[in-house]
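Peer 1: Residue numbers (our numbering): 2 to 254. Each residue gets a CB set at the ideal place from its N, CA and C atoms; glycine is no exception. What you are looking at is a predicted structure, and each value in this text was computed from that prediction instead of being measured.
Spelled out as structure tokens, the structure:
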């Protein structure tokens with residue numbers, strides 16, 4: 002069984018009793034004996050274990066108190082770095098959304114955005130709870146405001162990505178429906194042509210249709226003229242079959 006990290010700092014025993022031995026657990030604020038412990042999480046990464054960011058505020062004569070980070074000084078700088086990493090993750094996903102051209106790219110963005118949005122929302126709740134416990138710490142109020150903005154940005158980004166994906170899926174379904182309708186119309190026309198020509202071909206096959214006339218001795222030019230007329234009629238029929246497809250494509254634009 003793994004054990005959580007221990008830090009060399011003057012943390013209250015009452016706070017220690019509220020923390021598990023294996024892990025720091027979920028993001029939250031613990032306030033005991035005038036000490037505030039913030040258990041926060043770094044931006045989650047796919048395939049990586051959860052990384053805790055632990056801050057301890059010691060009481061002081063000044064309203065802002067003394068902030069420690071994992072047993073060391075520099076808690077305020079560490080908090081700024083943590084929020085900067087969340088902001089960097091947001092900027093990366095926002096740029097990816099602007100450049101996304103396929104549904105697969107949107108799925109990837111949504112997959113990365115969901116855990117970040119959840120983590121940012123829980124980060125906001127933890128810092129908000131800490132702010133309620135230490136109401137006079139102006140620096141903590143500023144961090145709370147920054148986190149509120151971060152959490153809101155992640156929520157909007159996730160909503161935009163989902164809306165864009167829904168739109169593209171609906172658009173693809175509409176194009177597929179139009180293509181299916183065009184194929185159905187073309188098939189109907191081909192069936193009409195077959196219905197008109199099949200009796201003639203059937204009778205010609207049954208009776209031979211090898212009738213003698215004065216055309217047998219005609220010039221070869223007549224043969225090529227008939228071929229040209231046949232090709233022309235074929236092009237006309239092809240245009241008739243495909244004209245509904247062109248109209249459907251124009252209406253789609």
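Can at least three beta-carbon pairs, one atom from the segment 14 to 32 and one from the segment 43 to 50, be found at a separation below 8 Å?
Peer 2: Touching, no, given that fewer than three Cβ pairs across the two stretches are closer than 8 Å.
Peer 1: If we ignore side chains and look at the alpha-carbon of each, how far apart do residue 134 and residue 40 end up?
Peer 2: Rounded to the nearest angstrom, the two C-alpha atoms are 14 Å apart.
Peer 1: For residue 8, report the span of its alpha helix (DSSP H) as first-last.
Peer 2: Counting along the chain, residue 8 falls outside any alpha helix (DSSP H), and DSSP gives it neither H nor E.
Peer 1: As a quick exercise: from 60, 26, 37 and 69, pick the residue whose alpha carbon is nearest that of residue 51.
Peer 2: For residue 51, the nearest C-alpha among the options comes from 26.
Peer 1: Would you identify the three-state DSSP class for residue 25, choosing helix, strand or coil?
Peer 2: In this structure, residue 25 counts as coil in the three-state DSSP scheme.
Peer 1: When the Cα atoms are used, what is the spatial distance from residue 241 to residue 150?
Peer 2: Distance between the alpha carbons of residue 241 and residue 150 is about 59 Å.
Peer 1: Tell me whether the beta-carbon of residue 85 lies closer than 8 Å to the beta-carbon of residue 125.
Peer 2: Their beta carbons are not under 8 Å apart, which means residue 85 does not touch residue 125 by this criterion.
Peer 1: According to DSSP, simplified to helix, strand and coil, what is residue 71?
Peer 2: It is coil, neither helix nor strand.
Peer 1: For residue 2, which three-state DSSP category applies?
Peer 2: Note on residue 2: pLDDT 42, under 50, position unreliable in the model; no value is reported.
Peer 1: Would you mind giving the Cβ-Cβ distance between residue 69 and residue 162, rounded to the nearest angstrom? I have them listed as a contact below 8 Å.
Peer 2: Actually they do not touch by this definition, with Cβ atoms about 38 Å apart.
Peer 1: Which whole-angstrom value is the C-beta distance of residue 59 and residue 111, which I expect to be below 8 Å?
Peer 2: That belief does not hold up - the Cβ atoms of residue 59 and residue 111 are roughly 41 Å apart, past 8 Å.
Peer 1: Three or more beta-carbon pairs under 8 Å between the segment 134 to 144 and the segment 166 to 184, yes or no?
Peer 2: With the cut-off at 8 Å, the segment 134 to 144 and the segment 166 to 184 do not touch.
Peer 1: For a quick check, are the C-beta atoms of residue 72 and residue 9 less than 8 Å apart?
Peer 2: A contact, by the Cβ cut-off of 8 Å.
Peer 1: How big is the Cα-Cα spacing for residue 104 and residue 164?
Peer 2: C-alpha separation (whole angstroms): 12 Å.
Peer 1: Can you tell me whether residue 36 is buried or exposed? The criterion is at least 16 other CB atoms within 10 Å of its CB, across all chains shown.
Peer 2: With 16 or more other Cβ atoms within 10 Å, it is buried.
Peer 1: Look at residue 83 and residue 114 and say whether their C-beta atoms are less than 8 Å apart.
Peer 2: In this structure, residue 114 does not lie closer than 8 Å to residue 83 by Cβ.
Peer 1: Please report how far the alpha carbon of residue 183 lies from the alpha carbon of residue 127, in whole angstroms.
Peer 2: Residue 183 and residue 127: Cα-Cα distance of roughly 57 Å.
Peer 1: What three-state label does DSSP hand residue 51 in the structure shown?
Peer 2: Reduced to three states, the DSSP call for residue 51 is coil.
Peer 1: Since residue 36 is in the beta strand (DSSP E), which residue starts that stretch and which ends it?
Peer 2: Unbroken beta strand (DSSP E) run through residue 36: 36 to 42.
Peer 1: Between which two residues does the alpha helix (DSSP H) carrying residue 126 extend?
Peer 2: Element bounds for residue 126: 104 to 134.
Peer 1: Mark residue 54 as exposed unless 16 or more other C-beta atoms lie within 10 angstroms of its C-beta, in which case mark it buried.
Peer 2: Buried: at least 16 other Cβ atoms inside 10 Å.
Peer 1: For residue 92, collect the residues of the same chain with a Cβ closer than 7 Å to its Cβ; drop the 5 residues on either side in sequence, then sort them by chain order.
Peer 2: No residues qualify anywhere along the chain.
Peer 1: Helix or strand or just coil, what does DSSP make of residue 230?
Peer 2: Reduced to three states, the DSSP call for residue 230 is helix.
Peer 1: Report the residue from 88, 61, 90 and 57 whose alpha carbon sits nearest the alpha carbon of residue 75.
Peer 2: Cα-wise, what sits closest to residue 75 is 57.
Peer 1: With DSSP collapsed to three states, give me the class of residue 179.
Peer 2: Note: residue 179 maps to helix in three-state DSSP.
Peer 1: Does the distance from the CB of residue 117 to the CB of residue 90 come in under 8 Å?
Peer 2: Contact: yes.
Peer 1: Tell me, please, which residues DSSP counts as bridged to residue 32.
Peer 2: In the DSSP output, where bridge partners are listed per residue, residue 32 has 37.
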